[in-house]
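Here's the structure we're looking at; comments come further down.
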Amino acid sequence: MRHLDLLSGIERLPSESLQARALANTYSVLHLVDRLADRDDTEYASREQLAAAAASIDLVEDSTALTLETRRVARELQDLARNGTSTPLLAALVGLLSPLVDNDFRDSVREVVANVLILGGATLDPELEWRACRFRAGANIADGNLDSATADYEAIADIASKCGSPDGDVVAKNGLALVLHLRGNLPAAEARVRELIAIADARCSRAIRVRVRLNLGVVLGKRSRFEEALSELEAALALAETSRHEDEFGDRESIVADIAFTYVQLGNVEAARRIYTALTFSAKTIRIATGARINLMHIAGLRGDSQSVRQLQGELNARPMQTRLQVDYLLTLGVACNAIGDIEQAKIALERCLDLASRTGFGQYLIEADRRIKRISELLSSGDEAKTHRFVDRVVGRAVRALAD
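Under the numbering used here, think of the first position of the sequence shown as 4, with each following residue one higher.
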């Protein structure tokens with residue numbers, strides 16, 4: 004059965020709520036698209052069914068991107084039934100991928116991409132093809148399917164080469180650098196992204212340039228070069244803010260969240276706390292909102308606020324999470340518990356992070372969790388348990404000192 008993630012989302016909401024109705028409409032429209040792709044003809048539904056689907060969407064007074072893009076797909080389905088042309092429908096389906104990603108419906112992303120490729124066939128516009136594959140790569144990364152994501156980015160590179168798309172070429176190379184970063188090869192990831200900066204600045208759209216600088220800033224932060232990271236992230240934000248349109252590739256919220264992370268490492272913890280608090284309420288994507296709560300738990304640990312750590316832990320445990328967020332959460336929980344002196348819970352969280360990272364290929368998290376576990380074990384075996392709760396990274400120690408000041 005397809006689109007189970009949408010059905011699960013509907014089940015978690017009050018049945019008569021606006022959000023539940025909106026998701027139900029998206030599900031019904033994507034079901035019609037599934038039938039079209041499966042039958043490979045335009046007699047997949049009666050005009051009455053299509054009209055009913057479109058009318059149902061119109062009744063929902065919802066201006067979210069998910070509903071707006073769903074409504075666009077429904078309109079194109081109606082036009083397809085009348086005129087028999089599929090290109091506008093395929094463009095509408097690719098447009099729907101972005102809000103599906105924002106709402107963390109990763110299974111539906113993969114299913115929509117599969118339908119775009121089936122319906123487009125040999126005549127599919129290569130620009131639509133590589134953009135669709137990019138969303139599937141993102142869904143695979145979120146689920147820890149790094150081999151599949153690598154295959155997606157390699158496919159994008161091949162498509163971009165054939166159609167001469169500079170944006171597609173840089174998206175592919177930037178994505179492959181991200182996979183290197185997540186596998187734990189930070190030097191290679193940095194080298195590859197740095198090679199892309201000049202190419203992107205000379206040949207690519209503003210959105211792609213933003214995304215490349217964001218990627219470089221994140222890698223530099225992971226390498227503990229925080230001043231350089233902040234410079235790149237601020238440059239990415241400046242580029243994004245001069246865009247006239249919502250930036251598909253360089254999400255402003257993601258940049259701001261990464262700036263806040265860098266602030267913590269540089270000691271500006273209060274500014275980071277304010278940013279993360281705002282993002283928990285204002286972020287349009289589940290990933291950013293959940294990530295903000297994870298980082299607020301980290302800050303609570305730095306402050307020695309065990310009550311807030313436990314409260315946020317309870318909230319986060321109740322949330323469904325993609326695999327990439329889950330390993331980040333477990334690592335951060337281990338750090339926060341260690342900071343408040345709960346060494347046993349810290350070890351449990353870090354060992355769970357180590358296990359999940361080893362099973363998914365998130366080598367960077369595996370390296371960090373392993374290092375922290377070894378350090379805690381060394382302190383415990385030395386018999387100096389009193390020091391164990393003070394074990395934090397050098398840069399986190401700087402943040403703690405800033406709080407004391």
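The beta-carbon is built from N, C-alpha and C at its ideal position, and this holds for glycine as well.
- Counting only the Cα atoms, Ala95 lies some 7 Å from Glu72.
- By the beta-carbon neighbour count (other beta carbons within 10 angstroms, threshold 16), Ser101 is buried.
- Within its own chain, no residue has a Cβ closer than 7 Å to the Cβ of Glu273 once the five positions on either side in sequence are excluded.
- Ala84 and Arg38 have their C-alpha atoms roughly 13 Å apart.
- Unbroken alpha helix (DSSP H) runs of no fewer than 4 residues, entirely contained in the region 294 to 360, are found at 309 to 320, 326 to 342, following chain order.
- DSSP, read as helix, strand or coil, puts Ala286 in coil.
- Here His6 is actually not in contact with Leu35; their C-beta atoms are around 12 Å apart, not less than 8 Å.
- When the five nearest sequence neighbours on each side are left out, the beta carbons in the same chain lying within less than 6 Å of the beta carbon of Ser309 are those of Ile343, in order along the chain.
- With respect to Leu282, Glu256 sits close: the two C-beta atoms are nearer than 8 Å.
- Cβ contact annotation for Tyr266 (same chain, cutoff 6 Å, sequence separation greater than five): Ala274, Ala275, in chain order.
- In this structure Ala142 is buried. Its beta-carbon is surrounded by 16 or more other beta-carbon atoms within 10 angstroms.
- In the three-state reduction of the DSSP assignment, Thr126 falls in the helix class.
- Closest option to Arg228, judged by alpha-carbon separation, among Val215, Asp204, Ile262: Ile262.
- When secondary structure is reduced to three states using DSSP, Ser89 falls in the coil class, being assigned neither helix nor strand.
- Here the region 295 to 309 does not lie against the region 112 to 121, with fewer than 3 beta-carbon pairs under 8 Å apart.
- Rounded to the nearest angstrom, the gap between the Cα atoms of Pro91 and Arg186 is 38 Å.
- Ranked by Cα distance from Arg212, the first of Ala243, Leu183, His184, Val221 is Ala243.
- Rounded to the nearest whole angstrom, the C-alpha separation of Asp172 and Thr293 is 31 Å.
- In chain order, Leu16 place their CB closer than 7 Å to the CB of Gln22, counting only its own chain and leaving out the 5 sequence neighbours on each side.
- Contact holds between the region 197 to 209 and the region 165 to 184, because three or more Cβ pairs, one in each stretch, are under 8 Å apart.
- A Cβ-Cβ separation of about 7 Å places Gly364 in contact with Gly147 under the 8 Å criterion.
- With a threshold of 16 other beta carbon atoms within 10 Å, Glu193 meets it and is buried.
- In the structure shown, the three-state DSSP call for His6 is coil.
- Around the Cβ of Thr245, a 10 Å sphere holds fewer than 16 other Cβ atoms; the residue is exposed.
- Counting along the chain, no alpha helix (DSSP H) covers Glu19, and no H or E run does either.
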